[in-house]
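Enquirer: Quick one: the structure is below, questions incoming.
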């Protein structure tokens with residue numbers, strides 16, 4: 014091991030931590046990823062650096078090296094730092110946290126209803142109307158959860174109540190979908206996943222119900238940690254947010 018190996022390992026992790034980076038042919042990322050897959054000593058350096066940074070190295074794929082940050086590391090992804098558009102005021106921010114979190118959980122459970130789906134590389138397409146209908150069919154059961162339990166059932170119940178208070182659709186004077194409705198939160202989440210390199214648009218699968226999206230391995234890897242964190246974040250109170 015030399016300084017060059019350490020620098021190369023750190024560069025590979027830097028690429029891996031940028032969701033939209035891809036190991037295209039003849040790129041530095043491709044070269045480093047190939048070395049990771051063929052050089053055992055180099056792979057060990059990468060994984061040791063990742064461990065020190067609080068990053069889990071999961072696997073390689075056509076998307077690159079798939080990694081995720083520990084919740085307590087600088088690379089942990091939260092609702093606050095992930096890039097979703099959260100408002101600043103306490104009550105509005107709490108609504109955004111709960112609604113975005115609920116939509117993300119709905120996408121996870123719709124796309125991966127069982128263990129077999131998690132290991133199946135063929136991800137099913139999803140559309141905004143699919144997620145809206147999926148939530149509508151389950152919202153009453155979520156509302157009936159004991160809100161006094163605290164975690165996680167109570168937090169899901171509170172998020173469901175916030176969601177249930179919003180209209181399905183609001184439209185601006187120019188005909189665009191307005192904020193503070195079900196469709197806006199779902200559309201914004203799907204757009205966010207594409208921008209983050211965790212899903213892609215599939216125009217060939219569009220139909221009369223709407224635009225089609227397909228999740229990828231970068232979204233699928235590490236779902237258990239993401240789900241637990243989402244539920245916890247949805248429970249933050251307005252007072253907590255004002256103090257942050």
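Numbering (our numbering), first residue to last: 14 to 257. We treat Cβ as the ideally placed atom computed from N, Cα and C, and that holds for glycine.
1) Note down the Cα distance separating residue 182 from residue 195, rounded to an integer number of angstroms.
2) Please confirm if the region 81 to 94 is in contact with the region 48 to 55, defined as three or more CB-CB distances below 8 Å between the two stretches.
3) Which full runs of the beta strand (DSSP E) of 3+ residues lie inside the region 154 to 239, going along the chain?
4) Assess contact between the region 105 to 115 and the region 210 to 218, defined as three or more Cβ pairs (one per stretch) separated by less than 8 Å. Is contact present?
5) Please report the distance separating the alpha-carbon of residue 77 from that of residue 230.
6) Suppose you measure from the CA of residue 260 to the CA of residue 152; what does that come to, to the nearest Å?
7) Can you tell me whether residue 116 is buried or exposed, with buried defined as 16 or more other CB within 10 angstroms of its CB?
8) At which residues does the beta strand (DSSP E) containing residue 71 begin and terminate?
9) Restricting to Cα atoms, I'd like to know which of 56, 197, 177, 168 is closest to residue 150.
10) Nearest to residue 146 by alpha carbon, out of 120, 135, 167?
11) Name the one or two DSSP bridge partners that residue 81 has.
12) Here's the rule: buried if 16 or more other CB atoms are within 10 angstroms of the residue's CB, otherwise exposed. What is residue 186?
13) What does a CB cutoff of less than 6 Å around residue 33 pick up in its chain, not counting 5 residues either side in sequence?
14) Which residues mark the beginning and the end of the alpha helix (DSSP H) in which residue 135 is found?
15) Given that a residue counts as buried once 16 or more other Cβ atoms are within 10 Å of its Cβ, and exposed if not, what is residue 39?
16) Measuring alpha carbon to alpha carbon, tell me which of 75, 138, 167, 203 ends up nearest residue 37.
17) CA-CA distance, residue 55 and residue 70?
18) Let's test the definition: count the other Cβ atoms within 10 Å of the Cβ of residue 65 and tell me whether it reaches 16, buried, or not, exposed.
19) With distance defined between alpha-carbon atoms, name the residue in 98, 18, 225 nearest to residue 62.
Expert: So, from the listed chains and residues:
1) Position 169 of the chain shown, counting from 1, holds the residue named residue 182. Position 182 of the chain shown, counting from 1, holds the residue named residue 195. C-alpha separation (whole angstroms): 6 Å.
2) no
3) 212 to 214, 226 to 228
4) no
5) As a position in the chain shown, residue 77 is number 64, starting the count at 1. As a position in the chain shown, residue 230 is number 217, starting the count at 1. Computed Cα separation, rounded: 10 Å.
6) Examination of residue 260 is not possible in this model, given that the chain is present from 14 through 257 alone.
7) Position 103 of the chain shown, counted from the first residue, corresponds to residue 116. It is buried - the Cβ of residue 116 has at least 16 other Cβ atoms within 10 Å.
8) Stepping through the chain shown from its first residue, residue 71 is reached at position 58. Looking at the DSSP string, the run of the beta strand (DSSP E) that includes residue 71 is 68 to 74.
9) The count along the chain shown starts at 1 and reaches residue 150 at position 137. Among 56, 197, 177, 168, the Cα nearest to that of residue 150 belongs to 177.
10) The residue given as residue 146 occupies position 133 in the chain shown. Nearest option by C-alpha distance: 120.
11) Position 68 of the chain shown, counting from 1, holds the residue named residue 81. Paired residues: 69.
12) Mapped onto the chain shown, residue 186 falls at position 173. Exposed, since its Cβ has fewer than 16 Cβ neighbours within 10 Å.
13) For the purposes of this step, residue 33 is taken as the residue at position 20 of the chain shown. Excluding positions up to five away in sequence, the list reads 210.
14) By 1-based counting over the chain shown, the position of residue 135 is 122. Residue 135 -> no alpha helix (DSSP H), and no H or E assigned at all.
15) To locate residue 39, count along the chain shown from 1; it is residue 26. The residue in question, residue 39, is exposed, as its Cβ has fewer than 16 Cβ neighbours within 10 Å.
16) For the purposes of this step, residue 37 is taken as residue 24 along the chain shown, with counting starting at 1. Of the candidates 75, 138, 167, 203, the one whose C-alpha sits nearest the C-alpha of residue 37 is 75.
17) For the purposes of this step, residue 55 is identified with residue 42 of the chain shown, where counting begins at 1. For the purposes of this step, residue 70 is identified with residue 57 of the chain shown, where counting begins at 1. C-alpha separation (whole angstroms): 14 Å.
18) Numbered from its first residue, the chain shown carries residue 65 at position 52. Label assigned to residue 65: exposed.
19) Here residue 62 refers to the residue found at position 49 when the chain shown is read from its first residue. Here the closest residue by C-alpha is 18.
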